[in-house]
Amino acid sequence: MTPAARPALYSDTIRERWRRPRFRGELAGATGVAEDVNPLCGDRVRMMVRVDDGSIAAARFAGDSCAICTASADVVAELVEGRAAPAAAALGAEDVLAVLQADIRPSRLRCLTLPISVLQQALGR
Amino acid sequence: MRLDEQTRRDFPILERIVNGHPLVYLDSAASSQKPRTVIEAMSQYYARSHANVHRSIHTLGEEATELYEAARDRVHRFIGAASREEVVFTRGTTDGINLLAEALGRTLGPGDEILITELEHHSNIVPWQMAARDRGAIVRAVPLTREGLLDLDAVDRLLGPRTRVFAFAHVSNVLGTITPVARLAERARRAGAVTVVDGAQAAPHLPLDMSMLQCDFYVFSAHKMLGPTGIGVLWGRRAALEALEPARGGGEMIKEVWIDRARWNDLPWRFEPGTPPIAEAVGLMAAVEYLEKLGMEQVAEHERTLARQTVEQLGAIPGVTVFGPPATVERGAVVAFGVEGLHPHDVAALLDEQGIAVRAGHHCAQPLMRWCGVVGTARASFSVYSSPEEVSLLSHAVASLRSHL
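If you're matching them up, the sequences are chains A and B in order.
When we follow numbering that gives the first Met the number 0, the leftmost residue of the first sequence carries the number 0, and every step to the right adds one.
When we follow numbering that gives the first Met the number 0, the leftmost residue of the second sequence carries the number 0, and every step to the right adds one.
So this is what it looks like as structure tokens:
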């Protein structure tokens, strides 16, 4: 398997975020926490947010999940920090895909969207 | 000649190129591929003989009925059933277990116990939970030994006076563990419990003889044994089937119907309401013929060899964990494994880039995944067409995985 022959399923961004996630960890003083699983594979993701004055002061994630799900959770946390809560809750798969620059197949799309739906739960939506 | 050399050209799908590589299909435990004879038998049936069975007094109806019932005869001989009446066609293993859980569930009372094991597929767990919930009964599970075998001492402890059903897999779909069906059935009988055996991972790979297994019910699917999706078999000892009140009604399963009551049909049709999967029965018959021509002893030996090679080769790769019994213990045609630092889905996706199809995830066996201490595993599984070369390709690919993510 040469790198050139490899399709873009695992983009450089996904590899980078999977190896060194920037937003993985516990969040002290979290005001919203939610956790859910991907029934397909049993992956588990917890999203934590601290909402301060209507906007997200900090976001972190924890969990045991595949590269796509981990990279997605990391990007979701990064994207929502500093956003107003309603705007954060409106985050969609296309926003995360734009950052990951990857060709996610339908069979793995749930890996990408799990952190988004868990974030919405953490925000009480 | 090796079995794969003998059979590979009978499976048109194996000519496919996937992601630029010849397909290496190592996911037969999820669903096997189909030989040309199965595909052609079904297409011939639809092109020439299709009609509804059992109630059409015309030529096509008679041909369809003959084919459907001939499939039953073929299965009856294939599994060593005492009579054709003991062979009920279902939609698959899951459907067969649900049928039994519904019917046996009605006989349960509060405090009665259903015994399962920790290595079951969800389809042999959840239907029993539903049956138990409806009747106030309790589901208990036989634990595993450290090697991934059933703890037989615990079986004796758990089979008590309240145990009404003992349901267990013949072969684990994850660990490959082969359970001692006859011994377990004997103990269950002494305790007065009915035995239900999930044979989904055994029927495609091992010679079966119901008269030797001594269980009450045995269920399996066609699609894992070279046949089509949508049909399965529920075998029941005649007395056990006769004692079972049908839980599903409709046409075909009755003798006479009044507005307020009905009289059941004879075995096996009593458990086959509605139009059955006729073309699928024709396909199953062709699959059984194909397997019988190869010989199930040869099939079992071929797959045992592949499983042993896989356990040895994967086990020798640093950072790779092989789950289940050691290579010295006989196992079914599946090998589950993990790669340190890589999620099983990523393992499967990276292997797919090289045309290698394996299963990854919890394999519908979450209690067993908890026992393994993992979220999921990757799993390679084999059929008659799987080759030692494919095992080597898998091992080489797995050995180089960690550099790719």
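For every residue, glycine included, the Cβ atom is placed at its ideal position computed from N, Cα and C.
Because the structure is a prediction, the values reported are computed rather than measured.
Query: Does B/I277 pass the burial test, meaning 16 or more other C-beta atoms within 10 Å, or should it be called exposed?; Result: buried
Query: List the endpoints of the continuous alpha helix (DSSP H) containing B/E112.; Result: Not the alpha helix (DSSP H): B/E112 falls in the beta strand (DSSP E), residues E112 to T116.
Query: Assuming B/N172 contacts B/H362 (C-beta within less than 8 Å), just tell me the rounded distance between them.; Result: 6 Å
Query: May I ask you to verify whether the region 279 to 286 of chain B touches the region 30 to 47 of chain B, counting CB pairs closer than 8 Å and requiring at least 3?; Result: yes
Query: Terminal residues of the continuous beta strand (DSSP E) containing B/T304?; Result: First-last for B/T304: M295 to G314, but that is the alpha helix (DSSP H), not the beta strand (DSSP E).
Query: Tell me, please, whether the CB atom of A/S64 is closer than 8 Å to any CB atom in chain B?; Result: yes
Query: One question on the structure: do A/V79 and A/R16 come within less than 8 Å of each other, judged by their Cβ atoms?; Result: no
Query: Give a yes or no on whether 8 Å exceeds the smallest Cβ distance from A/R16 to chain B.; Result: no
Query: So, does the CB of A/L96 fall closer than 8 Å to a CB anywhere in chain B?; Result: no
Query: For B/E48, does the count of other Cβ atoms within 10 angstroms reach 16, so buried, or fall short, so exposed?; Result: Sequence check: residue 48 of chain B is Ser here, not Glu. With 16 or more Cβ atoms within 10 Å of its Cβ, B/S48 is classed as buried.
Query: In angstroms with no decimal places, state the Cα-to-Cα distance between A/P6 and B/R132.; Result: Residue placement at A/P6 is flagged as unreliable, the pLDDT there being 46, under the threshold of 50; a coordinate-derived value is accordingly withheld.
Query: Give me the chain B residues within the contact set of A/A99, using Cβ-Cβ distance strictly less than 9 Å, ordered along the chain.; Result: Note that residue 99 of chain A corresponds to Leu in the displayed sequence, not to Ala. None at all; the shortest Cβ gap to chain B is about 14 Å.
Query: Excluding five sequence neighbours on each side, which residues of the same chain lie with their C-beta closer than 6 Å to the C-beta of B/D9?; Result: P34 and R35
Query: Indicate whether the contact test is met: 3 or more Cβ pairs, each with one atom in the region 365 to 380 of chain B and one in the region 323 to 334 of chain B, closer than 8 Å.; Result: yes
Query: At a cut of 8 Å, does the region 121 to 129 of chain B reach the region 146 to 161 of chain B through at least three beta carbon pairs?; Result: no
Query: Let me confirm a value: B/S27 is counted as buried when at least 16 other C-beta atoms fall within 10 Å, else exposed. Which label applies?; Result: buried
Query: Applying the 10 Å Cβ sphere with the 16-neighbour rule, what's the burial state of B/A202?; Result: buried
Query: Taking the runs of the beta strand (DSSP E) that are 3 residues or longer, which of them lie wholly in the region 68 to 120 of chain A?; Result: none
Query: Please state if the CB of B/G318 and the CB of B/E339 are separated by a distance shorter than 8 Å.; Result: yes
Query: Using 10 angstroms around the beta-carbon of A/T1, count the other beta-carbons present and answer buried if the total reaches 16, otherwise exposed.; Result: Low per-residue confidence applies at A/T1: pLDDT is 44, beneath 50, and the placement is therefore not dependable, though the value from the model is reported in the following sentence. That one is exposed.
Query: So, do the region 219 to 229 of chain B and the region 98 to 105 of chain B have three or more beta carbon pairs nearer to each other than 8 Å?; Result: no
Query: Expressed to the nearest angstrom, what Euclidean distance is found between the alpha-carbon atoms of A/A4 and B/N18?; Result: Bear in mind that a pLDDT of 45 at A/A4, under 50, signals an unreliable position, so the model cannot answer this.
Query: What does the Cβ neighbour count give for A/Q100, buried or exposed, with the cut at 16 atoms within 10 Å?; Result: exposed
Query: Which same chain residues, not among the five before or five after A/R104, have their C-beta less than 8 Å away from its C-beta?; Result: L8
Query: Say the cut is 7 Å; is the CB of B/T327 nearer than that to a heavy atom of the ligand GTP?; Result: Only the bare structure without any ligand can be found here, which leaves the ligand GTP out of the picture.
Query: Could you give the distance in angstroms between the alpha-carbon of A/A33 and the alpha-carbon of B/I124?; Result: 28 Å
Query: Closer than 8 Å, CB to CB, is A/L122 near chain B or not?; Result: no
Query: Can a CB atom of chain A be found closer than 8 Å to the CB of B/H361?; Result: yes
Query: Indicate the three-state DSSP secondary structure (helix, strand or coil) for A/P2 in the structure shown.; Result: Bear in mind that the predicted position of A/P2 carries a pLDDT of just 43, short of 50, making it unreliable; the figure below should be weighed with that in mind. Here A/P2 sits in helix by DSSP.
Query: Once you ignore the five residues that flank A/I55 on each side, which residues in its own chain have a CB closer than 6 Å to its CB?; Result: V48, V79, E80, R82 and A87
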